[in-house]
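Trainee: Numbering-wise, the sequence shown is residues 288 to 402 according to this note's numbering. Mind having a look at this structure? Questions to follow.
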Amino acid sequence: MSLRMTDRSVNDIHVLDIEGRIVLGEESNAFREKVKGMLAAGKKKIVLNLANLGYVDSAGVGTLVATFHSARSRGATLRMAHLGSKFKEVRQVTRLLTVFETYDSEAAAIESFGK
Numbered sequence: 288m289s290l291r292m293t294d295r296s297v298n299d300i301h302v303l304d305i306e307g308r309i310v311l312g313e314e315s316n317a318f319r320e321k322v323k324g325m326l327a328a329g330k331k332k333i334v335l336n337l338a339n340l341g342y343v344d345s346a347g348v349g350t351l352v353a354t355f356h357s358a359r360s361r362g363a364t365l366r367m368a369h370l371g372s373k374f375k376e377v378r379q380v381t382r383l384l385t386v387f388e389t390y391d392s393e394a395a396a397i398e399s400f401g402k
């Protein structure tokens with residue numbers, strides 16, 4: 288399955304729904320460009336909804352890390368919601384727990400911006 292992304296706004300928070308996989312090549316590039324465009328448009332609060340993300344390879348993890356650092360350098364905040372169990376394991380093994388701020392639900396991720 289290829290990568291499909293749709294973005295929507297919930298108040299002043301922008302949710303990017305991701306479906307498919309983030310892997311080396313076209314998918315990683317498309318994801319990077321989508322977030323880059325959101326940041327260029329001045330979107331500062333972004334939730335990545337990963338409920339329908341099927342797979343992330345090592346290149347995809349690298350792209351996610353680079354995207355988080357890029358957002359931070361532009362004064363934006365990215366949060367993740369609905370991590371699958373496999374991605375949670377990858378996050379623990381690679382010690383990326385401190386990089387990604389994650390939430391069990393989209394609602395919790397959105398609410399966290401108000402704190």
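Note that beta-carbon positions come from the ideal geometry of N, C-alpha and C, so glycine has one too.
Give the single residue among VAL334, GLY347 and ASP299 whose Cα lies nearest to the Cα of ASN246.
Mentor: Past the edges of the chain, shown from 288 to 402, lies residue 246, and the structure says nothing about it.
Trainee: Whole beta strand (DSSP E) runs in the segment 313-350 with 3 or more residues, listed along the chain?
Mentor: 332-343
Trainee: Once you ignore the five residues that flank LEU340 on each side, which residues in its own chain have a CB closer than 6 Å to its CB?
Mentor: Here residue 340 corresponds to residue number 53 of the sequence shown, with the count starting at 1. Within the same chain, LEU340 has close Cβ partners ILE305.
Trainee: Taking C-alpha atoms, which residue in HIS301, VAL310, ARG319 and GLU314 lies nearest to ARG366?
Mentor: Here residue 366 refers to the residue found at position 79 when the sequence shown is read from its first residue. Nearest to ARG366 by alpha-carbon distance, out of HIS301, VAL310, ARG319 and GLU314, is HIS301.
Trainee: On the three-state DSSP scale, how would you describe ARG366?
Mentor: The residue labelled residue 366 in the question sits at position 79 within the sequence shown. ARG366: strand per DSSP, three-state reduction.
Trainee: If you draw a straight line from the alpha carbon of GLY362 to that of LYS331, how long is it in whole angstroms?
Mentor: Walking along the sequence shown from the start, residue 362 turns up at place 75. Walking along the sequence shown from the start, residue 331 turns up at place 44. Straight-line Cα distance between these residues: approximately 7 Å.
Trainee: Could you pull out every residue in the same chain whose Cβ sits closer than 6 Å to the Cβ of ARG295, ignoring the five residues on either side in sequence?
Mentor: Indexing the sequence shown from 1 puts residue 295 at position 8. Annotation for ARG295: VAL302 place their beta carbon closer than 6 Å to its own, counting only its chain and skipping 5 residues before and after.
Trainee: DSSP on GLU388, reduced to helix/strand/coil?
Mentor: Position 101 of the sequence shown holds residue 388. Of the three classes helix, strand and coil, the one that applies to GLU388 here is coil, per DSSP.
Trainee: What residue range is occupied by the uninterrupted alpha helix (DSSP H) comprising SER399?
Mentor: Within the sequence shown, residue 399 is the residue found at index 112, counting from 1. Start and end: 393-399.
Trainee: Between the alpha carbons of GLY312 and THR385, how many angstroms are there, rounded?
Mentor: Taking the sequence shown and counting its residues from 1, one reaches residue 312 at position 25. Taking the sequence shown and counting its residues from 1, one reaches residue 385 at position 98. Each residue's alpha carbon lies about 26 Å from the other.
Trainee: Are the CB atoms of ASN336 and GLU388 nearer to each other than 8 Å?
Mentor: As a position in the sequence shown, residue 336 is number 49, starting the count at 1. As a position in the sequence shown, residue 388 is number 101, starting the count at 1. No; because the gap between Cβ atoms is not below 8 Å, this pair is not in contact.
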